[in-house]
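Colleague:
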Amino acid sequence: MMNPEDRKLLEQEMVKFLFEGHDVHIEGYTPPSE
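Sequential numbering of the sequence shown, starting at 798, is according to the numbering used here.
1) So, with DSSP's three-state summary, where would you put M811?
2) Suppose the cutoff is 6 angstroms on Cβ atoms and the five residues either side in sequence are ignored; what does the same chain contact list for H819 look like?
3) I need the straight-line Cα distance from D803 to M811, nearest angstrom please.
Given below as structure tokens:
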């Protein structure tokens with residue numbers, strides 16, 4: 798299973814993105830260019 802602290806962070810980011818309209822920024826991730 799996931800580390801409980803990591804799971805809580807992921808859940809918070811999902812709620813921000815899905816319900817509050819925030820952009821999600823993941824440290825170290827670069828989206829592929831189209």
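Glycine included, each C-beta is placed from N, C-alpha and C at the ideal position.
Modeller: Considering the structure as presented:
1) DSSP, reduced to helix, strand and coil, places M811 within a helical segment of the structure shown.
2) Listed in chain order, the non-local C-beta contacts of H819 below 6 angstroms within the same chain comprise K813, local neighbours out to five positions each way being set aside.
3) Annotation: D803 to M811 spans about 12 angstroms, alpha carbon to alpha carbon.
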